[in-house]
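In the working numbering, the protein residues as written are 30 to 197. Note that the Cβ used here is the ideal one computed from N, Cα and C, for glycine as well. Let me begin by presenting the structure, written as structure tokens, before commenting on it.
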């Protein structure tokens, strides 16, 4: 039954993200490829983002590139429960959007099995320095470890290192 609920959420994400992007995202896409990112310094956010994309067989989605940066910065995977937890973390960090509220609400209703994880993620976001509003494109050359130290506490950085995409 949990598997079906996760499939439902994936289906809802797939449909809603396209609609949301079309309606609410009016800025220019980055026009950066996975290979461009993999040419950055190995210590950079950009290179780590390239590894994340490569590992998951993804390309950047135009106009929502920042979301993948959230994954890299926080260490959250693309599993359904991690996607919902990442929305909770973003909520704790101060992000507010119709999409976030919908994902948190539906994710909690459809997949309440991970509620404690979601709440912990919210707390991490609350304790972190604000990052949800940053323009990540100019930060792609930034050292990922230095960046994490600025955003998160030492305890949270250790958790991120244990789930990092840098060992692809």
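| Query | Result |
| --- | --- |
| Neighbourhood of residue 91 by C-beta, 6 angstroms cutoff - its chain only, sequence neighbours within 5 removed | 58 |
| Three-state secondary structure (DSSP) of residue 122 | coil |
| Beta-carbon proximity of residue 102 to residue 151, cut-off 9 angstroms | no |
| Residue 116, buried or exposed, once every other Cβ within 10 Å from all chains shown has been counted against 16 | buried |
| Rounded straight-line distance, which links the Cα of residue 88 to that of residue 64 | 10 angstroms |
| Alpha-carbon spacing of residue 135 relative to residue 34, whole angstroms | 11 angstroms |
| Residue span of the alpha helix (DSSP H) that contains residue 96, given as start and end | 94-103 |
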